[in-house]
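> Okay, here's the structure, questions in a sec.
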Amino acid sequence: MSIFCYKNINTSQHLGWELTNARNEQNLTIEEVAVKTRLPLKYLQALENSRFFELPPSHSHRRAYLKQLCELYNLNFKTALYKFRCEGGFKNLSSVHPYKISTDRMQPFIILFRNLSLVGFILFFIIYLSVQIYGIVTPPKLLVFSPMEGAISNQAEITIQGQTDRESNLRVNGQEIKVDEQGKFNDIILLSTGVNTITLSTTKKHGKTTTVVRHVVVTAKPAKVSINQDLGNVSR
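Numbering (this note's numbering), first residue to last: 19 to 254.
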């Protein structure tokens, strides 16, 4: 519905004059009003001096500022709003909300952030995929700490120690050996006199296998000589 305004308004009756007069009647400075209402001082000055073009370019903001002052000064809001409208208080308003303007200014940064995020995600995916492929195509590691190659022993057993990938399946001469959470293993196997071939093989779940071979020589133990026999030989 259209609102008709009378143009012949006495200067003393202008909205700005009424706001200034109401403030003075309450013995308030404009700075004190700014503190009480939490409205920017420049907008209070614009209202009192009828410089409405300096107000935010938003219908809702201008209406809210005026209503807040009317409540503080005990003025009739409808009458004040009528005068505000007649004096051009709602002229030259932007069709775009001020927050929308701020958002538009931030648009290049938003696009840049979005693109950087996309590039970062792609790089992360490529690195992750590369690590997974490398893990599949690379044979499992197998480090054998004991026995050393060509070791010589006079014992019929030897300790097998080493480390492999924790998810690998380890076998020594075809027999499965347990691996702990760090991939370490420690077990004892029996040997026979002579040259013993120890084959260690570790296999990933994807089928890649690493094999290490160790040769251990077991010497025959010297024959035991009884004490009585040694004493008899001495007496002769």
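Just so you know, even glycine gets a beta-carbon here, dropped at the ideal spot from N, CA and C.
Small disclaimer: the values here were computed from a predicted structure and weren't measured.
What does a CB cutoff of less than 8 Å around V51 pick up in its chain, not counting 5 residues either side in sequence?
Here the set comprises R41, L57, L62, L87 and L90.
> How about the segment 126-134 and the segment 72-80: do they share at least three Cβ pairs that are nearer than 8 Å?
At 8 Å Cβ cutoff, the stretches do not touch.
> Measuring alpha carbon to alpha carbon, tell me which of G180, A82 and V230 ends up nearest T55.
Considering only alpha carbons, the answer is A82.
> Taking its Cβ as the centre, do 16 or more other Cβ atoms sit within 10 Å of Q181, making it buried, or is it exposed?
Q181 should be labelled buried.
> Under three-state DSSP, which class holds N42?
It is helical.
> Whole angstroms is fine: what's the gap from S148's alpha carbon to T211's?
Each residue's Cα considered, the two are about 49 Å apart.
> At a cut of 8 Å, does the segment 201-209 reach the segment 162-182 through at least three beta carbon pairs?
Result yes; three or more Cβ-Cβ pairs closer than 8 Å.
> Considering only the beta carbon of each residue, do V230 and V162 sit closer than 7 Å?
For V230 and V162, yes; Cβs fall inside 7 Å.
> Based on Cα-Cα distance, which residue from H233, G225 and H224 lies nearest to L218?
Of H233, G225 and H224, the residue nearest in Cα terms is H233.
> Just to confirm my understanding: we take T38, look at its own chain, exclude 5 residues before and 5 after, and list those with CB closer than 6 Å. What are they?
Cβ within range, chain order: E66.
> Around the Cβ of D198, are there at least 16 other Cβ atoms within 10 angstroms (buried) or fewer (exposed)?
Answer is exposed; the Cβ neighbour count stays below 16.
> Compare the beta carbon distance of I216 and E175 with 7 Å and say whether it is the shorter of the two.
Cβ atoms of I216 and E175: not closer than 7 Å.
> Are the CB atoms of T228 and P165 nearer to each other than 7 Å?
Their beta carbons are not under 7 Å apart, which means T228 does not touch P165 by this criterion.
> So, is V236 buried or exposed, given that buried needs 16 or more other C-beta atoms within 10 angstroms?
With 16 or more Cβ atoms within 10 Å of its Cβ, V236 is classed as buried.
> Just to confirm my understanding: we take H224, look at its own chain, exclude 5 residues before and 5 after, and list those with CB closer than 6 Å. What are they?
Around H224: I154.
> Leaving out the 5 sequence neighbours to the left and right, which residues in its chain are closer than 6 Å to E72 when beta-carbon positions are compared?
Only A64 meet the Cβ criterion.
> Does I206 come within less than 7 Å of chain C when only Cβ atoms are used?
Absent from the structure: chain C. Only one protein chain is present.
> Can you tell me where the alpha helix (DSSP H) with F95 in it begins and where it stops?
Run containing F95: F95 to C104, per the alpha helix (DSSP H) assignment.
> Relative to the C-alpha of K96, which candidate in L84, E105 and G106 has its C-alpha closest?
When each option's Cα is compared against that of K96, the closest is L84.
> Less than 7 Å between C-beta atoms, sequence neighbours within five positions excluded: which residues of the same chain meet that for L249?
With a pLDDT of 47 at L249, under the threshold of 50, the modelled position of this residue cannot be trusted; read the value that follows with caution. Same-chain partners within the cutoff: there are none.
> Given F18, which residues of its chain have a CB within under 7 Å of its CB, disregarding the five upstream and five downstream residues?
The structure shown does not extend to residue 18, since the chain is modelled only from 19 through 254, so no value can be given for it.
> What residue range is occupied by the uninterrupted alpha helix (DSSP H) comprising Q63?
Taken as a continuous stretch (DSSP letters only), the alpha helix (DSSP H) holding Q63 covers L59 to E66.
> For E194, which residues does DSSP report across the bridge?
R189.
> DSSP on L180, reduced to helix/strand/coil?
For the record, residue 180 in the displayed sequence is Gly; it is not Leu. Strand at G180.
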